[in-house]
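Chains as they are written, first to last, in the numbering used here: chain C, 1 to 113; chain R, 114 to 223.
Beta carbons: idealized from backbone N, C-alpha and C, even for Gly.
A quick note: this is a predicted structure, and the numbers were derived from the prediction, not measured.
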């Protein structure tokens, strides 16, 4: 089963609209990362959140981690076609005595000009 | 900037072939990872390595092996390629800000 649930799976918005992508875990997250992937390419790091209640922004993208450190949201303000791609959340996960990185299934974003 | 480089962007191989996917990072990172990415399944960890000659199985190691003879290089090996190994393969190395990814190798097994 997927340990990081991401929603929605896909999203189509008109240019200029705001949107939010959510990432939820059943366990406390030690570190939460957001990545963007252009189709057919590698992942590009966007932001890292570690503390409960933390919020970070970069240009028109804001990411928050809730106080319990089990849910994060990524918000894009006034979306542009350049925001299109796949957004993935990733997290440090301590299991079987070692740290592994796990990922959500991704949200495919399309922005209509 | 960290650079993680995968040797090929696209590969087409025949069923039964032995396939090598190479990954090199230039920032002296200790931890390196191989993932495969499939629609609807997200990224799944195949193998990772936390030091030279050290390797750990990820969630889906069957049909794969790895080699880490030098710190900067982490190779993924498909011993006998099968069509269900057609996928996007992503290599990564870890830093304090998460994972740095290569550009990916899209492998098609025919």
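Which residue comes first and which comes last in the beta strand (DSSP E) that contains residue i?
i, result
"residue 54/C", "From DSSP, residue 54/C is part of no beta strand (DSSP E); its letter is neither H nor E."
"residue 22/C", "19-25"
"residue 75/C", "71-76"
"residue 169/R", "167-170"
"residue 194/R", "Per DSSP, residue 194/R belongs to no beta strand (DSSP E) and is neither H nor E."
"residue 124/R", "123-126"
"residue 179/R", "177-183"
"residue 5/C", "4-7"
Any idea if residue i is buried or exposed, counting beta-carbon neighbours within 10 angstroms, 16 or more meaning buried?
i, result
"residue 14/C", "exposed"
"residue 98/R", "Absent from the model: residue 98/R. The displayed extent of chain R is 114 to 223, so no value can be given."
"residue 103/C", "buried"
"residue 181/R", "buried"
"residue 105/C", "buried"
"residue 78/C", "exposed"
"residue 118/R", "exposed"
"residue 112/C", "exposed"
"residue 107/C", "buried"
"residue 213/R", "buried"
Can you name the residues of chain C whose CB is closer than 8 Å to the CB of residue i?
i, result
"residue 219/R", "40"
"residue 118/R", "In chain order: nothing, as chain C lies at least about 10 Å away."
"residue 215/R", "42"
"residue 176/R", "Here the premise fails: no neighbours, minimum Cβ distance about 19 Å."
Which residues in chain R sit within 7 Å of residue i, going by Cβ to Cβ distance?
i, result
"residue 74/C", "Those do not exist, as residue 74/C stays about 14 Å from chain R at its closest Cβ, beyond 7 Å."
Give me the chain R residues within the contact set of residue i, using Cβ-Cβ distance strictly less than 9 Å, ordered along the chain.
i, result
"residue 33/C", "210, 211, 212"
So with CB distances below 7 Å, who are the chain C contacts of residue i?
i, result
"residue 138/R", "Those within 7 Å of residue 138/R in chain C number zero; the least Cβ separation is about 12 Å."
If residue i and residue j are in contact, beta carbons under 8 Å, what's the gap, nearest whole angstrom?
i, j, result
"residue 203/R", "residue 211/R", "Actually they do not touch by this definition, with Cβ atoms about 13 Å apart."
"residue 200/R", "residue 151/R", "5 Å"
(Q) If the cut-off is 8 Å on Cβ atoms, which residues from the segment 81-106 of chain C count as contacting chain R, listed in chain order? (A) 88, 90, 98, 100, 101, 102, 103, 104, 105, 106
Q. What residues in the segment 179-208 of chain R have a beta carbon less than 7 Å from any beta carbon of chain C?
A. 203
Q: Name, going along the chain, the residues of the segment 42-53 of chain C whose beta-carbon falls closer than 7 Å to a beta-carbon of chain R.
A: 42, 43, 45, 48
**Q.** Members of the segment 123-135 of chain R that neighbour chain C once the beta carbon cut-off is set at 8 Å
**A.** none
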